[in-house]
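*Asks:* Using the numbering used here, you'd call the opening residue of the sequence shown number 7 and step up by one each time.
Built from N, CA and C at the ideal position, the CB exists for glycine as well.
Since the model is a prediction, treat every value here as computed from it, not as a measurement.
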Amino acid sequence: MKKLPILFLILLAMGATSQNMLTKKGLNFELSGFVRNDFIYDTHRNVDACDHLLDFFPTKPVYDANGEDLNAIGTAQILNTFSRIGSRFSGLEMGNTKISAYVEVDFTGGAYTPTVRLRHAYTQLEWAQSKLLFGRVWHPLFIEKVYPSTLNENTGLPFQVFNRSPQLRYTRGLSDNLDLILAAIYQFDYANNGPDGKNYHYQRDALWPNLHAQIQYYDEHWTAGFAADWKTILPRTSVTGTNGTFKADEKLSTIALLAYMKYSKGKFELKAKSMFGQNVCENLMPSGYAVATIDEETGKETYTPFNHLYNWINFTYGKEWKFGFYAGMLTNFGTSENVEGDIYGFATDAKNMYKLSPQLIYNYKNFMFGVEISLTTVAYGENNKADKAKVINTDNVSNFRSMLSVAYNF
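What follows is the structure, given as structure tokens:
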């Protein structure tokens with residue numbers, strides 16, 4: 007295990023035992039997190055991460071000589087890598103500015119290379135009507151006030167954004183119930199795919215940050231909002247054709263548009279979100295782009311994005327005993343132009359997907375026990391490059407996941 011994570015855990019332990027000393031200096035320290043263990047059973051191989059904890063959707067069928075799907079194999083395991091530790095520091099003031107910081111880690115590094123993984127790390131400056139955040143936190147498309155309440159750590163993937171990235175985010179209160187949110191984001195480990203695989207240098211080489219603007223309304227029972235997101239990448243810095251190698255500067259600019267809502271009253275809560283996205287695969291969602299044209303003499307390429315629509319709805323009822331249901335669906339509309347060259351992205355050969363997932367959770371003070379089942383179905387096919395890479399000749403495949411979870415929150 008690396009020295010830095012070990013030192014971080016030591017500092018957390020020191021902070022937990024020296025809270026009074028920090029308070030005397032005008033600083034406050036809060037420790038939070040949970041210890042959690044999950045039993046997981048799947049009926050089919052999945053595209054997933056974090057040792058199968060974070061499941062996306064079933065893998066594409068591969069058939070043997072008898073027509074049997076080689077990926078239709080059941081698996082079972084127990085995982086405790088979802089456990090998490092977070093620390094918040096506050097109490098520092100500079101004039102009218104309140105300054106705080108937050109650091110959070112988990113243990114989802116993997117069975118073969120066990121590591122403590124950085125989740126959040128940011129500093130926040132706050133004034134009467136606004137605040138400025140600088141650091142690693144959820145991407146603004148995630149919508150921290152409105153995301154699915156699922157037992158599964160994937161929080162609704164692949165229909166819901168899942169991305170934590172370095173950013174500068176400004177929130178301005180326009181009124182008592184209305185916020186304007188502006189952000190500039192750069193990719194890091196959540197990155198686009200391209201000629202060199204998954205890598206954040208496509209955005210870094212394009213110079214421009216991912217720009218985001220959002221309007222959010224909230225009151226006692228409602229939260230609702232709209233957002234627009236713009237991103238540009240530079241897939242290649244050089245290209246090679248029959249006449250030699252040349253410097254490349256062809257970029258791809260894409261957008262994402264979304265609307266969301268949440269209604270809560272008493273024990274009942276309803277949430278929903280719809281997003282149109284182009285090349286949003288850095289959010290662990292099926293998407294990508296393709297080479298639209300190629301100049302054989304110079305090697306110059308132009309690019310065209312895939313267009314997807316992602317929808318989900320989620321409701322929960324209860325407090326001590328809580329029942330919930332989540333449903334998600336996505337559709338792949340193909341690219342904006344016809345395709346001549348390679349396709350880059352994540353599950354671009356899936357025409358559509360859907361997930362149905364009920365859950366039952368019992369909460370007693372700091373203790374939680376939950377059970378969740380989910381059915382995820384994907385229609386895989388082939389990309390017809392002559393017709394905007396639309397998916398044809400589809401074949402459905404499904405996975406049924408059962409999960410039991412026990413957690414202690416602190």
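1. To the nearest angstrom, how far is it from the Cα of residue 385 to the Cα of residue 401?
2. To the nearest angstrom, how far is the alpha carbon of residue 206 from that of residue 200?
3. If we ignore side chains and look at the alpha-carbon of each, how far apart do residue 237 and residue 218 end up?
4. Just the Cα atoms here: how many angstroms apart are residue 360 and residue 280?
5. Taking DSSP as the reference, what is the three-state secondary structure of residue 392?
6. Quick one: Cα of residue 137 to Cα of residue 68, how far?
7. Given the structure, does residue 255 come close to the ligand NAD, in the sense that its CB is under 7 Å from one of the ligand's heavy atoms?
8. Ends of the alpha helix (DSSP H) at residue 209?
9. Please classify residue 357 as buried or exposed, where buried requires at least 16 neighbouring CB atoms within 10 angstroms.
10. How would you write the range of the beta strand (DSSP E) that residue 64 sits in, first residue to last?
11. Please state the DSSP three-state secondary structure of residue 146.
12. Helix, strand or coil for residue 326 per DSSP?
13. Residue 220 bridges to which residues according to DSSP?
14. Residues in the same chain with beta-carbon distance under 6 Å from residue 28, minus the five sequence neighbours each way, listed in chain order, please.
15. Since residue 263 is in the beta strand (DSSP E), which residue starts that stretch and which ends it?
16. Per DSSP, what kind of secondary structure is residue 288 in: helix, strand or coil?
17. Give the single residue among 408, 364, 340 whose Cα lies nearest to the Cα of residue 388.
18. What residues in its chain sit with their C-beta under 7 Å from that of residue 215, if we drop five residues either side in the sequence?
19. Excluding the 5 residues flanking residue 135 on each side, which residues of the same chain have their C-beta closer than 8 Å to its C-beta?
20. Here's the rule I'm using: 16 or more other beta-carbon atoms within 10 Å means buried, otherwise exposed. How should residue 314 be labelled?
21. Find the nearest neighbour of residue 350 within the set 242, 87, 158, 185, judged by alpha-carbon distance.
22. I'd like to know whether the C-beta atoms of residue 271 and residue 227 end up nearer to each other than 8 Å.
23. Taking the beta carbon of residue 112 as the centre, do at least 16 other beta carbons fall within 10 Å, making it buried, or is it exposed?
24. Report, in whole angstroms, the separation of the C-beta atoms of residue 239 and residue 220, which I expect to be a contact under 8 Å.
25. Quick one: using the 10 Å Cβ neighbour count with 16 as the cut-off for buried, is residue 327 buried or exposed?
26. So what's residue 417 in DSSP terms, helix, strand or just coil?
27. Just the C-alpha distance for residue 321 and residue 345, rounded to the nearest angstrom, thanks.
28. Name the one or two DSSP bridge partners that residue 228 has.
29. Comparing alpha-carbon positions, which option in 287, 194, 110 lies nearest residue 167?
30. Label residue 248 either buried or exposed according to how many other C-beta atoms from any shown protein chain fall within 10 Å of its C-beta, with 16 as the threshold for buried.
*Replies:* Taking the geometry as given:
1. The residue you call residue 385 lines up with position 379 of the sequence shown. The residue you call residue 401 lines up with position 395 of the sequence shown. One C-alpha to the other measures close to 5 Å.
2. As a working mapping, residue 206 is identified with position 200 in the sequence shown. As a working mapping, residue 200 is identified with position 194 in the sequence shown. Those two C-alpha atoms are separated by around 10 Å.
3. Stepping through the sequence shown from its first residue, residue 237 is reached at position 231. Stepping through the sequence shown from its first residue, residue 218 is reached at position 212. Using only the alpha carbons, I get a separation of about 9 Å.
4. Mapped onto the sequence shown, residue 360 falls at position 354. Mapped onto the sequence shown, residue 280 falls at position 274. Their Cα atoms are separated by approximately 14 Å.
5. In the sequence shown, residue 392 corresponds to position 386, counting from 1. Note: residue 392 maps to helix in three-state DSSP.
6. Here the question's residue 137 lines up with position 131 in the sequence shown. Here the question's residue 68 lines up with position 62 in the sequence shown. Computed Cα separation, rounded: 51 Å.
7. With respect to small molecules bound, the structure shown includes none, and the ligand NAD cannot be examined in it.
8. The residue given as residue 209 occupies position 203 in the sequence shown. Start and end: 207 to 212.
9. Taking the sequence shown and counting its residues from 1, one reaches residue 357 at position 351. Residue 357 is buried by the Cβ-count criterion.
10. Along the sequence shown, one-based indexing puts residue 64 at 58. Looking at the DSSP string, the run of the beta strand (DSSP E) that includes residue 64 is 60 to 64.
11. Counted from its first residue, the sequence shown places residue 146 at position 140. Residue state, collapsed to three classes: helix.
12. Here residue 326 corresponds to residue number 320 of the sequence shown, with the count starting at 1. Residue state, collapsed to three classes: coil.
13. To locate residue 220, count along the sequence shown from 1; it is residue 214. 187, 233, per the DSSP bridge assignment.
14. By one-based count along the sequence shown, residue 28 stands at place 22. A caution first: residue 28 carries a pLDDT of 38, below 50, which makes its placement in the model unreliable, though a value can still be read off. Correct list, in chain order: 35.
15. In the sequence shown, counting from the first residue as 1, residue 263 sits at position 257. Start and end: 258 to 271.
16. Numbered from its first residue, the sequence shown carries residue 288 at position 282. Residue state, collapsed to three classes: helix.
17. Taking the sequence shown and counting its residues from 1, one reaches residue 388 at position 382. Residue 388 has its Cα closest to that of 340, out of 408, 364, 340.
18. Taking the first residue of the sequence shown as 1, we reach residue 215 at position 209. Within the same chain, 190, 191, 192 come within 7 Å of residue 215 by CB-CB distance, once the 5 residues on both sides are set aside.
19. Here residue 135 refers to the residue found at position 129 when the sequence shown is read from its first residue. If we look at residue 135 and ignore the five residues flanking it on each side, its Cβ neighbours are 178, 179.
20. As a position in the sequence shown, residue 314 is number 308, starting the count at 1. Result: buried.
21. Working through the sequence shown from its first residue, we reach residue 350 at position 344. When only C-alpha atoms are compared, the closest one is 242.
22. As a first step, residue 271 must be located in the sequence shown, where it is residue number 265. As a first step, residue 227 must be located in the sequence shown, where it is residue number 221. Going by C-beta atoms, residue 271 is nearer than 8 Å to residue 227.
23. In the sequence shown, counting from the first residue as 1, residue 112 sits at position 106. Buried is the label assigned to residue 112, since at least 16 other Cβ atoms lie within 10 Å of its Cβ.
24. The residue labelled residue 239 in the question sits at position 233 within the sequence shown. The residue labelled residue 220 in the question sits at position 214 within the sequence shown. Actually they are not in contact, since the Cβ atoms of residue 239 and residue 220 sit about 22 Å apart, beyond 8 Å.
25. For the purposes of this step, residue 327 is taken as the residue at position 321 of the sequence shown. Around the beta carbon of residue 327, a 10 Å sphere encloses fewer than 16 other beta carbons of the protein chains shown; the residue is thus reported as exposed.
26. Nothing about residue 417 can be reported from this structure: the residues present for the chain run from 7 to 416 only.
27. Indexing the sequence shown from 1 puts residue 321 at position 315. Indexing the sequence shown from 1 puts residue 345 at position 339. About 40 Å.
28. In the sequence shown, counting from the first residue as 1, residue 228 sits at position 222. Residue 228 is bridged to 269.
29. Numbered from its first residue, the sequence shown carries residue 167 at position 161. Looking at the Cα atoms, 287 is the closest of the given residues.
30. Here residue 248 corresponds to residue number 242 of the sequence shown, with the count starting at 1. The residue in question, residue 248, is exposed, as its Cβ has fewer than 16 Cβ neighbours within 10 Å.
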